[in-house]
Amino acid sequence: MTVCSLLLAACLTAGPQVEVQGLSGKTHTGSLAAIDAETVRIESEDSGAQELSVNELRSLRFVDVAPTDEFAEPPAVEVWLVDGTRLAGSDIRLTVDKCTAQVEAIGEVTLPRDTVLAVRLAAATGVQTRWDELRERETAADMLVVRREQSLDFVEGGVGEITESEITFLLKDQTRTLPRDRAFGIVFASSAHQAGRPNLQVEAG
């Protein structure tokens, strides 16, 4: 089960079939039409359009999506949020105020940048333990993590943007550009994090 509170800020382009359970135990099913920080909107032939308050929901389950196989090939990128949520996907872009990720089973998700704790951009084979240590570290500055054979190293500074091909990074008052494929990951400064909202449980399958 994936705890995914920041999907409340997601913008979904498709309308997958979902089952939504309220805190009262009542269940609603239909096509997911929209979701934001306050409401979930679903549509069904029987009930039409319904808007449900996020604060009154216990879970949201994607009906036609199979659960992720934990032994399958690792995702290309992973995003960790400040509330403990981990999103696995195929791509990520970062601007000065938002993070956009292509998330498995869901599609494009856009989140406020200050809700992102860390991102992994390359395979963690052989360095998972070291990456976990860096990701959980309290840091006053952003850490740009690079791989050195079977080890990870980092430099501290300020991450600007992540595009398809490069990362901008402020180092000693100078803006540098690094090819994206040379970066392993990023751990964001602890002071940049936004306090998490109450969690809504989101399940696949």
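Letter 12 of the sequence shown, counting from 1, is numbered 14 in my numbering, and no numbers are missing. Ideal placement from N, C-alpha and C gives every residue a C-beta, glycine not left out. Given the structure is predicted, the values throughout are model-derived calculations rather than measurements.
{"Asked": "Here's the rule: buried if 16 or more other CB atoms are within 10 angstroms of the residue's CB, otherwise exposed. What is V105?", "Found": "buried"}
{"Asked": "What does the alpha-carbon distance come out to for the pair T112 and A103?", "Found": "7 Å"}
{"Asked": "Consult DSSP for E163 and reduce its assignment to one of helix, strand or coil.", "Found": "strand"}
{"Asked": "Can you check whether the CB of L119 is closer than 8 Å to the CB of V65?", "Found": "no"}
{"Asked": "Given that a residue counts as buried once 16 or more other Cβ atoms are within 10 Å of its Cβ, and exposed if not, what is E80?", "Found": "buried"}
{"Asked": "Helix, strand or coil for Q52, going by three-state DSSP, please let me know.", "Found": "strand"}
{"Asked": "So, do the stretch 120-127 and the stretch 52-64 have three or more beta carbon pairs nearer to each other than 8 Å?", "Found": "no"}
{"Asked": "Within the chosen definition, does the stretch 57-64 reach the stretch 19-27 through at least 3 CB pairs nearer than 8 Å?", "Found": "yes"}
{"Asked": "According to DSSP, simplified to helix, strand and coil, what is T31?", "Found": "strand"}
{"Asked": "Beta-carbon separation of D144 and F190 under 8 Å?", "Found": "yes"}
{"Asked": "Taking a contact to mean a Cβ-Cβ separation below 8 Å, would you say E163 touches R182 in this structure?", "Found": "no"}
{"Asked": "Output the distance between the C-alpha atoms of V157 and S192, rounded to the nearest integer angstrom.", "Found": "15 Å"}
{"Asked": "For the alpha helix (DSSP H) containing Q23, name the first residue and the last one.", "Found": "Run containing Q23: none in the alpha helix (DSSP H); it sits in the beta strand (DSSP E), 19-24."}
{"Asked": "Going straight from the alpha carbon of G187 to that of I37, what length do you get?", "Found": "29 Å"}
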